[in-house]
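Peer 1: Residue numbers (my numbering): 27 to 144.
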């Protein structure tokens, strides 16, 4: 079955950086568009970054406006892993971060908590 394992979260001061990782199993990873989602307390889960499958011109990426220019999504198909480099973190980035396909299905991992202090 599909298994997604996120890691790399933590507590960081505003302006700091974190790098999240998500390793997937049970899917044909190299043929799957992947995304990072987040859910803040009392809010709906939102998609923050997407990375499409690799073509001859590389992997296309898209970002939510709230993270554009600060977050970078990347993938390593050999390691079945998708990453999210988060720079210039803000308190409003505090959330549980998850990876999933894009569009998402019901196979969510446990997520990784990111807390940004002001």
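Glycine is no exception: its CB is placed at the ideal position from the N, C-alpha and C atoms. Please read all numbers here as calculations on a predicted model, not as lab measurements.
Should residue 137 and residue 31 be called a contact, given that it needs their Cβ atoms to be closer than 7 Å?
Peer 2: Contact flag unset, no.
Peer 1: As a quick exercise: from 37, 48, 39 and 28, pick the residue whose alpha carbon is nearest that of residue 124.
Peer 2: If we check each option's Cα against that of residue 124, 48 comes out closest.
Peer 1: In whole angstroms, give me the CA-to-CA distance for residue 141 and residue 36.
Peer 2: The straight-line gap from Cα to Cα measures roughly 6 Å.
Peer 1: Tell me the start and end of each unbroken beta strand (DSSP E) in the region 83-124 that is at least 3 residues and wholly inside, in chain order.
Peer 2: Taking only runs of at least 3 residues, the beta strand (DSSP E) segments lying wholly in the region 83-124 are 87-89, 97-102 and 107-112.
Peer 1: Please determine, among 126, 34 and 27, the residue with the shortest C-alpha to C-alpha distance to residue 77.
Peer 2: Closest by alpha carbon: 126.
Peer 1: Which residues in the same chain as residue 41 place their Cβ atom closer than 8 Å to its Cβ, once the five residues preceding and following it in sequence are excluded?
Peer 2: Cβ neighbours of residue 41 beyond the five flanking positions: 114 and 115.
Peer 1: Taking the beta carbon of residue 99 as the centre, do at least 16 other beta carbons fall within 10 Å, making it buried, or is it exposed?
Peer 2: With 16 or more Cβ atoms within 10 Å of its Cβ, residue 99 is classed as buried.
Peer 1: Residue 166: which of 68, 28 and 94 sits nearest, CA to CA?
Peer 2: Any answer about residue 166 is impossible in this case: the structure gives the chain only from 27 up to 144.
Peer 1: On the DSSP bridge assignment, give the partners of residue 62 in chain order.
Peer 2: Residue 62 is bridged to 75 and 125.
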